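Engineer:
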Amino acid sequence: MTTDFAIETRGLSKHYRVGRRAIIALEGLTLSVARGEVFGLLGPNGAGKSTTIKLLLDLIKPTAGEALVFGRSPRDSEGRRTIGFLPENPAPYEYLTGEEFLSLAARLSGLSAAESKTRVGELLVRVGMAKASNIIIRRYSKGMVQRIALAWALVGKPSLLILDEPTSGLDVLGRQLVRELILEERQRGTTILFCSHIIPDVERLCDRVALLVGGKLIKQGQVSELLVSEGALMEATVESITLEALKALGLEARAAGSRVVVCFDPAKTQEVLTQMMGAGARVCELTPARYSLEQLFVDAVTHTGVEERP
Amino acid sequence: MRALFFIALNGFRESRRNRVTVVVGLFALLLVFFTTFSFELAVNTLDRAMTSVGIGFISLISEVLAIFLACGMLPREVERRTVFLVVSKPVSRTIFLVGRYLGNLATVLFVFSLMTGLFFLQFVVLRGTVTQAHLVALVGIVAEVVLLSAVGLLFSSFSSQFISVTTTVGLFFVGHMASDLYRLASASKAPAVKVVGLALYYLLPNLERLDFKLRATHSLPTPPGELGAALAYSGLYATLLVAVAAWIFERRDFR
Ligand SMILES: Nc1ncnc2c1ncn2[C@@H]1O[C@H](COP(=O)(O)OP(=O)(O)OP(=O)(O)O)[C@@H](O)[C@H]1O
Ligand SMILES: [Mg+2]
Numbered sequence: 068m069t070t071d072f073a074i075e076t077r078g079l080s081k082h083y084r085v086g087r088r089a090i091i092a093l094e095g096l097t098l099s100v101a102r103g104e105v106f107g108l109l110g111p112n113g114a115g116k117s118t119t120i121k122l123l124l125d126l127i128k129p130t131a132g133e134a135l136v137f138g139r140s141p142r143d144s145e146g147r148r149t150i151g152f153l154p155e156n157p158a159p160y161e162y163l164t165g166e167e168f169l170s171l172a173a174r175l176s177g178l179s180a181a182e183s184k185t186r187v188g189e190l191l192v193r194v195g196m197a198k199a200s201n202i203i204i205r206r207y208s209k210g211m212v213q214r215i216a217l218a219w220a221l222v223g224k225p226s227l228l229i230l231d232e233p234t235s236g237l238d239v240l241g242r243q244l245v246r247e248l249i250l251e252e253r254q255r256g257t258t259i260l261f262c263s264h265i266i267p268d269v270e271r272l273c274d275r276v277a278l279l280v281g282g283k284l285i286k287q288g289q290v291s292e293l294l295v296s297e298g299a300l301m302e303a304t305v306e307s308i309t310l311e312a313l314k315a316l317g318l319e320a321r322a323a324g325s326r327v328v329v330c331f332d333p334a335k336t337q338e339v340l341t342q343m344m345g346a347g348a349r350v351c352e353l354t355p356a357r358y359s360l361e362q363l364f365v366d367a368v369t370h371t372g373v374e375e376r377p
Numbered sequence: 010m011r012a013l014f015f016i017a018l019n020g021f022r023e024s025r026r027n028r029v030t031v032v033v034g035l036f037a038l039l040l041v042f043f044t045t046f047s048f049e050l051a052v053n054t055l056d057r058a059m060t061s062v063g064i065g066f067i068s069l070i071s072e073v074l075a076i077f078l079a080c081g082m083l084p085r086e087v088e089r090r091t092v093f094l095v096v097s098k099p100v101s102r103t104i105f106l107v108g109r110y111l112g113n114l115a116t117v118l119f120v121f122s123l124m125t126g127l128f129f130l131q132f133v134v135l136r137g138t139v140t141q142a143h144l145v146a147l148v149g150i151v152a153e154v155v156l157l158s159a160v161g162l163l164f165s166s167f168s169s170q171f172i173s174v175t176t177t178v179g180l181f182f183v184g185h186m187a188s189d190l191y192r193l194a195s196a197s198k199a200p201a202v203k204v205v206g207l208a209l210y211y212l213l214p215n216l217e218r219l220d221f222k223l224r225a226t227h228s229l230p231t232p233p234g235e236l237g238a239a240l241a242y243s244g245l246y247a248t249l250l251v252a253v254a255a256w257i258f259e260r261r262d263f264r
């Protein structure tokens with residue numbers, strides 16, 4: 068209870084042995100997530116995101132290094148009272164109804180029969196599954212399974228939520244629901260660790276992100292920092308001037324339909340605009356072209372050259 | 010400990026809704042029910058024939074079900090990764106495993122009780138006499154189910170359904186031929202065969218010790234000491250196996 072961190076890992080590694088070959092799923096991950104933070108794990112397929120999560124929940128044992136969750140070892144099952152976990156492609160008990168399944172979660176989390184009943188009722192409504200609560204899970208669609216599993220994670224009012232691709236399989240409303248839930252939980256002070264391939268979600272929800280590629284931590288930091296530090300540019304869309312004319316002015320320009328887009332250093336905004344307008348251009352739009360997380364992602368993956376993993 | 014109860018209860022509920030278990034259960038009841046009709050003519054040997062066949066069926070079905078559940082449920086749960094959900098709650102893997110084991114036993118005992126009830130009902134209606142030997146045989150079947158479920162659990166704690174089933178079925182047969190194994194080993198001239206054979210005899214589960222069916226057929230009483238020893242054997246052996254299963258299960262990766 069003394070630690071400020073919800074999650075700490077030191078040199079965390081996991082190697083799998085498949086036949087004779089050793090697969091390095093995660094190598095020397097050192098990371099900390101502060102209490103109350105929303106932390107995003109990013110990375111291409113096979114980067115080691117799920118591996119990291121499984122190590123935090125003691126589903127697999129580390130080859131080297133250690134992890135602490137609220138200062139406790141993942142092996143300590145009591146420590147999981149404060150954790151809510153949504154695995155990727157969750158597979159709930161097929162022969163239980165949604166309601167029975169959530170009641171099981173509630174009772175396993177230590178709620179009394181009465182508490183469990185109210186909590187389950189509440190959650191069924193929250194994840195939009197109240198109507199299907201008496202149907203066995205075998206008959207659920209993928210998105211319905213995802214929703215009920217999300218409720219499973221939330222049952223014990225966890226102070227740490229670990230979500231492995233929470234929006235996978237969800238429709239537009241479902242995705243919105245997940246975003247709302249994350250924001251709501253964050254408001255309550257819940258720490259959230261999640262991984263997702265949907266970068267706009269990550270950008271919108273996370274305080275900090277870590278980028279994993281090929282089992283290694285490539286970058287981590289505040290979303291805002293990562294975005295600003297990596298070469299911010301200004302973009303102007305102009306018309307009534309040719310690409311060649313702009314290039315002749317020494318500007319970096321590209322055609323965009325009937326118009327032309329010019330990129331330049333924000334510090335030179337005044338200067339560039341005067342120059343272009345002097346040459347007869349009409350400026351239609353001026354936007355700070357933020358370096359998007361997606362671009363960062365693509366750059367990191369291509370630069371490390373570890374891409375092309377199945 | 011509450012968690013243990015809920016996991017066991019959940020296992021019981023799940024297998025009750027599983028079509029395979031339901032079919033096995035119904036089939037079992039039908040079999041036991043029809044044993045009566047096969048012997049209606051031979052009135053003077055009715056007791057003996059009914060006991061032999063009826064208890065034989067009860068035993069066979071209970072054991073098949075025990076092996077099916079012990080080897081089927083856990084590996085499937087690990088393979089489908091349902092286990093991720095449960096062990097992400099404040100539940101140790103040992104509690105999970107023991108809960109699963111108790112849930113399986115509850116299911117088998119449920120089917121067993123139905124079969125036994127039906128059997129005695131018919132038996133009494135047809136004026137058979139229930140002897141101590143009948144009860145001992147039934148208790149022996151329970152002891153065997155307890156032990157077999159533990160054997161199955163041990164293998165399913167680390168291997169696939171297929172491997173667990175084949176190994177457990179293998180041990181089931183070896184266990185029922187324990188005395189043959191003993192005789193063969195003792196009579197062998199080669200010292201290596203003798204040592205290995207005897208070691209196997211003492212190490213592998215000896216299911217003959219728990220088998221009192223033949224005595225039931227002939228209404229031969231079993232001394233309480235012998236029954237007590239058999240129960241202690243099955244109880245201790247099963248506990249040991251479950252403990253080893255838990256030890257392995259705690260250390261494995263779920264991947
Ligand atoms: N059970 C396993 N046996 C062998 N290798 C494994 C196993 N599980 C994962 N790996 C390997 O570990 C690496 C990391 O896998 P992981 O599941 O952590 O990726 P991920 O980042 O979650 O990817 P995705 O975005 O596709 O979910 C992969 O190269 C994968 O092949
Ligand atoms: Mg993954």
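Going down the list, the protein sequences come from chains A and L.
Residues in the first sequence are numbered consecutively from 68, following this note's numbering.
Residues in the second sequence are numbered consecutively from 10, following this note's numbering.
Yeah, the Cβ is synthetic: ideal placement off N, Cα and C, and Gly gets one too.
All values reported here derive from a predicted model rather than from experimental measurement.
For C273 of chain A, which residues from the same chain have a beta carbon less than 7 Å from its beta carbon, with the 5 sequence-adjacent residues on both sides left out?
Structural biologist: V105, F106, G107, V290.
Engineer: Pairing CB atoms from the segment 127-143 of chain A with CB atoms from the segment 188-199 of chain A, are three or more of them under 8 Å?
Structural biologist: In short, these stretches do not touch, since the Cβ pair count stays below three.
Engineer: Hey, quick one: how far does the alpha helix (DSSP H) through M344 of chain A stretch, first residue to last?
Structural biologist: That run of the alpha helix (DSSP H) goes 336-345.
Engineer: Between which two residues does the beta strand (DSSP E) harbouring L278 of chain A extend?
Structural biologist: Run containing L278 of chain A: 275-280, per the beta strand (DSSP E) assignment.
Engineer: Since K314 of chain A and A320 of chain A are thought to touch, with beta carbons under 8 Å apart, how far apart are those beta carbons, to the nearest angstrom?
Structural biologist: So it is a contact: roughly 6 Å between Cβ atoms.
Engineer: In or out: R264 of chain L buried (at least 16 other Cβ within 10 Å) or exposed?
Structural biologist: Exposed.
Engineer: CB-CB under 6 Å to R214 of chain A, same chain, minus the five flanking residues each way: which ones, in chain order?
Structural biologist: Closer than 6 Å at the Cβ level, and outside the excluded window around R214 of chain A, lie V194, M196.
Engineer: Should S80 of chain A be counted as a contact of ligand 2 given a C-beta to heavy atom distance under 6 Å?
Structural biologist: No; taking the cut-off as 6 Å, the Cβ of S80 of chain A has no heavy atom of ligand 2 nearer than that.
Engineer: Please classify P377 of chain A as buried or exposed, where buried requires at least 16 neighbouring CB atoms within 10 angstroms.
Structural biologist: With a pLDDT of only 44 at P377 of chain A, under the threshold of 50, the placement of this residue in the model should not be trusted, and no figure is reported.
Engineer: With DSSP as the reference, label T248 of chain L as helix, strand or coil.
Structural biologist: Reduced to three states, the DSSP call for T248 of chain L is helix.
Engineer: Is it buried or exposed for K98 of chain L, if we count other Cβ within 10 angstroms and need 16 for buried?
Structural biologist: The residue in question, K98 of chain L, is buried, as its Cβ has 16 or more Cβ neighbours within 10 Å.
Engineer: At the 7 Å Cβ level, is S101 of chain L part of the contact set with chain A, yes or no?
Structural biologist: Judged by the 7 Å Cβ criterion, S101 of chain L is in contact with chain A.
Engineer: Check each candidate in L:V253, L:N215, L:V148, L:T231 and name the one with the smallest Cα separation from I67 of chain L.
Structural biologist: When only C-alpha atoms are compared, the closest one is L:V148.
Engineer: Measure the CB-CB distance between S166 of chain L and I257 of chain L and report whether it falls below 7 Å.
Structural biologist: It is a contact, given that the beta carbons lie within the stated cut-off.
Engineer: Candidates A:V350, A:S200, A:C262, A:I150: which alpha carbon is nearest T164 of chain A's?
Structural biologist: Measuring from the Cα of T164 of chain A, the nearest candidate turns out to be A:S200.
Engineer: Tell me, which residues are paired with S80 of chain A by DSSP?
Structural biologist: Paired residues: A:A131.
Engineer: So what does D231 of chain A bridge to, in DSSP terms?
Structural biologist: DSSP, once it has assigned bridges, lists A:C262 as partnering D231 of chain A.
Engineer: Taking 6 Å as the cut-off, is the CB of E155 of chain A close to at least one heavy atom of ligand 2?
Structural biologist: Checking the Cβ of E155 of chain A against ligand 2 gives yes.
Engineer: Can you list, in chain order, the residues of its chain with a C-beta nearer than 7 Å to that of R242 of chain A? Leave out the 5 residues immediately preceding and following it.
Structural biologist: The residues are T234.
Engineer: Count the other CB atoms within 10 Å of the CB of K222 of chain L; is the residue buried (16 or more) or exposed (fewer)?
Structural biologist: That one is buried.
Engineer: Closer than 8 Å by beta-carbon distance: list the chain A residues that pair up with N19 of chain L, in chain order.
Structural biologist: Ordered by position in chain A, the residues that pass the 8 Å Cβ test against N19 of chain L are Y160, L163, L171.
Engineer: Say the cut is 6 Å; is the CB of G95 of chain A nearer than that to a heavy atom of ligand 1?
Structural biologist: No, the Cβ of G95 of chain A stays beyond 6 Å of every heavy atom of ligand 1.
Engineer: Less than 7 Å between CB atoms is the rule here; does S179 of chain A satisfy it with respect to chain L?
Structural biologist: So no, S179 of chain A is outside the interface.
Engineer: Starting from the N-terminal side, write out each stretch of the alpha helix (DSSP H) that is 4 residues or longer and does not extend beyond the segment 119-177 of chain A.
Structural biologist: Within the segment 119-177 of chain A, the complete alpha helix (DSSP H) runs of at least 4 residues are 165-175.
Engineer: Answer with buried or exposed for E23 of chain L, where buried requires no fewer than 16 other C-beta atoms within 10 angstroms of its C-beta.
Structural biologist: It is buried - the Cβ of E23 of chain L has at least 16 other Cβ atoms within 10 Å.
Engineer: Roughly how many whole angstroms lie between the Cα atoms of E155 of chain A and L230 of chain A?
Structural biologist: Distance between the alpha carbons of E155 of chain A and L230 of chain A: 8 Å.
Engineer: Say yes only if the C-beta of K116 of chain A is nearer than 6 Å to one or more non-hydrogen atoms of ligand 2, and no if none qualify.
Structural biologist: Indeed, a heavy atom of ligand 2 lies less than 6 Å from the Cβ.
Engineer: Residues of chain L with CB under 9 Å from P267 of chain A, in chain order?
Structural biologist: Those do not exist, as P267 of chain A stays about 28 Å from chain L at its closest Cβ, beyond 9 Å.
Engineer: Kindly list the residues whose CB is nearer than 6 Å to the CB of C330 of chain A, restricted to its own chain and excluding five residues on each side of it in sequence; keep chain order.
Structural biologist: Taken in chain order, the residues that qualify are L300, E302, E319.
Engineer: How would you call V87 of chain L, buried or exposed, if buried means at least 16 neighbouring beta carbons within 10 angstroms?
Structural biologist: Buried.
Engineer: Does any residue of chain A bring its CB to less than 7 Å from the CB of S97 of chain L?
Structural biologist: Cβ-Cβ to chain A under 7 Å: yes for S97 of chain L.
Engineer: Which residues bound the alpha helix (DSSP H) around V145 of chain L?
Structural biologist: First-last of the alpha helix (DSSP H) with V145 of chain L: 141-165.
Engineer: Give every residue of the same chain whose Cβ lies closer than 6 Å to the Cβ of W219 of chain A, excluding the five residues on either side of it in the sequence, and list them in chain order.
Structural biologist: Once the five neighbours on either side are set aside, the close Cβ partners of W219 of chain A are A172.
Engineer: At the level of alpha carbons, what is the spacing between A348 of chain A and K335 of chain A?
Structural biologist: If you take the alpha carbons of A348 of chain A and K335 of chain A, they lie about 17 Å apart.
Engineer: Which of the three DSSP states, helix, strand or coil, is assigned to S97 of chain L?
Structural biologist: Of the three classes helix, strand and coil, the one that applies to S97 of chain L here is coil, per DSSP.
Engineer: If you measure from the CB of G132 of chain A, is any heavy atom of ligand 1 nearer than 6 Å?
Structural biologist: No, since every heavy atom of ligand 1 falls outside the 6 Å radius drawn around the Cβ of G132 of chain A.
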